[in-house]
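Novice: Got a structure for you, questions after.
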Amino acid sequence: MSSGSRFSDIDPNNKRLPAISGYLSVQLLPIEKAVEPLLGIIPFIDVHAKTAKKHCSIDSKYGLTRDESASIYLYTMETGEGQDNFYALLNAALREESRLLLKPFFSYLRLIDAATTKLPSIKTVVWRGVSRDLSASFKEKQVITWWTVSSCTVKVDIIKGFIGTSPNSTLFLIECQNGKDVSEYTCFPNEHEVLLMPGTQLQVFSNSFDHQGGLHVIHLKEISDDEDVVKSSEKLSKTINYPDGTKYTGQINDKGEPDGQGTIWINEDKFKGDRRHGRGICNYSNGNKYNGEWLNGAKEGRGKFIWGKDGTQWYEGDYRNDNMNGHGTMCYSNGQKYDGEFRDGQLHGQGTVMDSNGRIVRKGRWENSKPV
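Here it is in structure tokens:
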């Protein structure tokens with residue numbers, strides 16, 4: 002059993018922080034190389050990375066590489082005391098307003114993002130807890146963003162064991178939609194751990210339910226990208242018609258500019274999201290759909306594109322310059338899948354093709370969608 006501090010690493014201050022960007026564009030590296038920028042920041046991080054890798058192997062179930070599995074294992078290790086643990090230092094950097102302080106972690110974040118992207122998203126109830134009263138910081142309908150890698154468990158007794166019988170403890174009941182079950186990849190599999198990845202948005206479903214003895218229970222619900230959010234402090238909303246026929250309906254700032262949640266129609270295509278902060282959904286008039294990150298109106302970062310209304314062909318992975326560039330997974334309408342590297346929308350680099358039953362058809366290098 003771990004110290005449990007991962008499950009209690011909760012910041013009650015709901016600070017508005019800049020979006021995290023840039024790390025998805027860096028090259029995937031072996032874990033030993035990914036932690037090299039941290040050598041002067043985290044003592045013995047190279048040793049801990051090697052230890053994590055020793056405990057991991059290639060995952061046949063979801064296709065994680067040994068290094069990707071090791072990135073999860075490393076996150077869950079007890080590498081120090083309290084705030085000197087690797088996960089505590091990572092999450093402290095993720096909470097910093099200056100994103101420059103996060104740069105040494107970029108290669109590691111790229112690796113753990115690649116790992117968790119391969120794991121299926123689960124919708125379930127998970128738990129976190131702290132041994133102090135945080136009820137005043139979480140009010141009904143309030144929307145919060147957790148910028149950290151947030152450790153949760155599906156077993157409430159695990160959290161109760163960590164927070165004990167301390168008076169004025171806080172227990173978080175979380176209905177997650179995109180949780181990542183990492184219990185098979187952690188240093189402590191009996192803790193039944195589920196991760197919520199950085200940038201997860203949650204809404205407080207109700208004010209704290211206070212039990213006798215001082216336990217406060219706060220109910221949170223994860224907000225999906227295509228849900229309408231009821232915010233505690235609403236921005237002004239307006240419809241703007243532009244000369245070229247584009248129309249915007251949604252939140253605006255004090256200058257009358259689109260800022261926040263809104264919907265944009267361009268040539269009958271419908272965009273919904275927060276363009277300024279880079280996440281949104283575009284439902285195209287031909288039935289295609291993109292859900293992911295944007296930059297200046299172009300797909301940039303991580304996203305999922307679905308062709309047609311039946312949803313049988315899709316791509317989920319990295320985008321650069323409005324095209325598939327980097328690592329991703331393509332599912333074809335016949336059920337075959339390709340998992341690997343892309344360049345300018347083509348299969349390019351190392352990759353694996355699997356049939357509809359998950360059997361490997363070909364594994365190797367590709368150039369412009371042709372095997373080499």
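So our numbering is basically just the index in the sequence shown, starting at one, shifted up by 1.
Note that CB positions come from ideal geometry on N, CA and C, so glycine has one too.
Since the model is a prediction, treat every value here as computed from it, not as a measurement.
In chain order, what residues of the same chain lie with their CB nearer than 7 Å to the CB of residue 1, ignoring the 5 residues before and after it?
Specialist: Limits of the chain in this structure are 2 at one end and 373 at the other, which puts residue 1 out of reach.
Novice: Give every residue of the same chain whose Cβ lies closer than 6 Å to the Cβ of residue 347, excluding the five residues on either side of it in the sequence, and list them in chain order.
Specialist: Excluding sequence neighbours, residue 347 sits near 369 and 370.
Novice: Start and end of the beta strand (DSSP E) containing residue 257?
Specialist: Where residue 257 is concerned, there is no enclosing beta strand (DSSP E), given that its DSSP letter is neither H nor E.
Novice: Is the segment 170-180 touching the segment 121-134, taking contact as three or more C-beta pairs under 8 Å?
Specialist: Output reads yes: the segment 121-134 touches the segment 170-180.
Novice: Can you give me the Cβ contacts of residue 227 inside the same chain, cut-off strictly under 6 Å, excluding the 5 residues immediately before and after it?
Specialist: With a pLDDT of only 47 at residue 227, under 50, the local geometry of the prediction cannot be trusted, and the value read off the model is given with reservation. Contacts found: 282.
Novice: I'd like to check one pair, residue 319 with residue 25: are the Cβ atoms closer than 8 Å?
Specialist: Yes, the Cβ-Cβ distance between residue 25 and residue 319 is below 8 Å.
Novice: Distance check for residue 313 and residue 21, CA to CA, integer angstroms please.
Specialist: Each residue's alpha carbon lies about 31 Å from the other.
Novice: DSSP on residue 20, reduced to helix/strand/coil?
Specialist: In the structure shown, residue 20 sits in coil (DSSP, three-state: anything other than H, G, I, E or B).
Novice: Just confirm the distance between the C-beta atoms of residue 352 and residue 339, as a whole number of angstroms; I'd bet it's less than 8 Å.
Specialist: Right, the Cβ-Cβ distance comes to about 6 Å (below 8 Å), so this counts as a contact.
Novice: If we call anything under 8 Å between Cβ atoms a contact, is residue 105 one with residue 39?
Specialist: Contact flag set, yes.
Novice: Pull up the DSSP beta-bridge partners for residue 78, would you.
Specialist: Bridge partners of residue 78: none, in fact.
Novice: Heavy atom of the ligand GDP less than 7 Å from the Cβ of residue 84, yes or no?
Specialist: Summarising the ligand content, the structure contains no ligands, and the ligand GDP is consequently not present.
Novice: Under 8 Å: do the segment 64-73 and the segment 184-199 share three or more Cβ pairs, one atom per stretch?
Specialist: The segment 64-73, when compared against the segment 184-199, does touch it at the 8 Å Cβ threshold.
Novice: Work out the CA separation of residue 55 and residue 276 for me, nearest whole Å.
Specialist: Low per-residue confidence applies at residue 276: pLDDT is 48, beneath 50, and the placement is therefore not dependable, though the value from the model is reported in the following sentence. Their backbone Cα atoms lie some 43 Å apart in a straight line.
Novice: Going by C-alpha to C-alpha distance, which of 354, 177 and 197 sits closest to residue 206?
Specialist: Residue 177 is the option with its Cα nearest to residue 206.
Novice: Check whether the segment 58-66 touches the segment 91-110, taking contact to mean three or more Cβ pairs, one atom from each stretch, closer than 8 Å.
Specialist: Not touching, per the Cβ criterion.
Novice: In chain order, what residues of the same chain lie with their CB nearer than 6 Å to the CB of residue 57, ignoring the 5 residues before and after it?
Specialist: So the qualifying residues of the chain are 67, 70, 71 and 74.
Novice: Kindly list the residues whose CB is nearer than 7 Å to the CB of residue 197, restricted to its own chain and excluding five residues on each side of it in sequence; keep chain order.
Specialist: Cβ within range, chain order: 147, 151, 153, 177 and 180.
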